[in-house]
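Asks:
In this note's numbering, the protein residues as written are 18 to 105.
1) Give the C-beta separation of residue 86 and residue 58 to the nearest angstrom, bearing in mind that I take them to be a contact with Cβ-Cβ under 8 Å.
2) Who are the near neighbours of residue 54 in its chain, counting only those whose CB is closer than 7 Å to its CB and skipping five residues on each side?
3) Taking the alpha helix (DSSP H) that residue 40 belongs to, which residues open and close that run?
4) So, is residue 94 buried or exposed, given that buried needs 16 or more other C-beta atoms within 10 angstroms?
5) Residue 68: which of 56, 77, 96 sits nearest, CA to CA?
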């Protein structure tokens with residue numbers, strides 16, 4: 018998961034939208050996208066605590082499919098991830 022975390026960190030710092038990060042995680046061969054792994058990768062990548070990661074999870078179902086529009090997912094992701102982007 019270390020290489021995946023490093024790539025997620027790069028993506029977060031570059032301002033990549035949450036929907037694109039989830040798409041990357043879904044396509045990553047060495048990563049199984051589950052809600053728990055989602056929480057863990059953001060914690061390892063940029064130090065997102067569980068409450069903030071859970072906020073991001075609220076816009077996905079148990080299979081990590083969006084429950085709302087991609088625009089809504091990305092706006093919420095930007096709100097949560099903005100404070101971690103500025104810590105680099």
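Even for Gly, the Cβ is constructed at its ideal location relative to N, Cα and C. No experiment lies behind these values; they were computed from the predicted model shown.
Replies: The relevant details are as follows:
1) Rounded, the Cβ-Cβ distance is 23 Å, inconsistent with contact.
2) 48
3) 35–44
4) buried
5) 56
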